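Engineer: Okay, so the sequence shown: first residue is 619 according to the numbering used here, each after it adds one.
One structure is given below, represented as structure tokens, and several questions about it will come after.
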Amino acid sequence: MADQECIFCAMVAGKIQPAAKVYEDGEYLAFLDINPRNPGHTIVITKKHYEVVLDMPEKEAGKLFELVKRLSVSVKNGTQADGISILQNNYRASGQAVPHIHFHVIPRFNSEGPPALETILSVKRMPEDVLKKIAESIKSGGGSEPKHEKPKETKKKDLFEDF
């Protein structure tokens, strides 16, 4: 069901027109971002409202990523980019600004300099015992269907008490 206040659902319903569509079919819509990181920055959305990718059935998520891959080739070739960044955030804590599943396909150019992950997230070396503890927690986390709970305020420190 579409969210009444979701800007992407309003686009799907035809209440708001994206500035420039690059793809549309019965399930998906892709358009240029009006505040692009680079020329050709494309947003790919589902027409069906899902807040996060974790809510999507696996088959639908697979189809969405197939489209993201195809559009990434089109964006790279169409902009003559040297590379492509594919970004997708889930929940506010990750930086998700619009609570509707979407991918950013951003053309990247060598003239920008290498975009290091360290410029986005701080990186620290973790002890092997802490890595193993986290790996076990991930392995026992389910993996097929998300727990439909409101994300709780978890402090990083709580997850890595030994770190």
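We put the CB at the ideal spot given by N, CA and C, even for glycine.
These figures come from a predicted structure and were not determined experimentally.
Check whether the Cβ atoms of Ser703 and Arg726 lie closer than 7 Å to each other.
Structural biologist: Yes, these two residues count as a Cβ contact at 7 Å.
Engineer: Runs of 4 residues minimum, wholly inside the region 658-711: which ones carry the alpha helix (DSSP H) assignment?
Structural biologist: List check, alpha helix (DSSP H) in window: 676-697.
Engineer: Considering Lys750, what are the terminal residues of the alpha helix (DSSP H) in which it resides?
Structural biologist: Glu746 to Lys757 is the span of the alpha helix (DSSP H), which, as asked, contains Lys750.
Engineer: Looking at the secondary structure, which residues open and close the beta strand (DSSP E) in which Phe727 lies?
Structural biologist: Per DSSP, Phe727 belongs to no beta strand (DSSP E) and is neither H nor E.
Engineer: What are the residues that DSSP puts in a beta bridge with His722?
Structural biologist: Paired residue(s): Ile661 and Leu705.
Engineer: Tell me the rounded alpha-carbon separation between Lys633 and Glu623.
Structural biologist: Taking the straight line from one Cα to the other gives about 11 Å.
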